[in-house]
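Q:
Residue numbers (this note's numbering): 414 to 478.
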């Protein structure tokens, strides 16, 4: 089982090199530019939503007084 896995990995590596699939493999498995932008936008949205919740709680406390 271990030997067959090693053989498959070696053959796959040779195919990647032979057909120059390095760029495709990195695009599929690594974060690309759009993935990074999406993560940044998600962080910004989360921060904005937290800020909005804080504003609502502050307004509620000031309105009650």
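We put the beta carbon where it would ideally sit given N, CA and C, even for glycine.
Does the Cβ-Cβ distance between residue 429 and residue 435 come in under 8 Å?
A: In this structure, residue 435 lies closer than 8 Å to residue 429 by Cβ.
Q: Alpha carbon to alpha carbon, what distance is there between residue 462 and residue 498?
A: Residue 498 cannot be examined here, being either before or after the span of the chain that is shown, 414 to 478.
Q: Out of curiosity, what's the CA-to-CA distance linking residue 448 and residue 456?
A: 12 Å
Q: If I measure Cβ to Cβ from residue 466 and keep anything under 7 Å in the same chain, skipping five residues before and after, which residues do I get?
A: none
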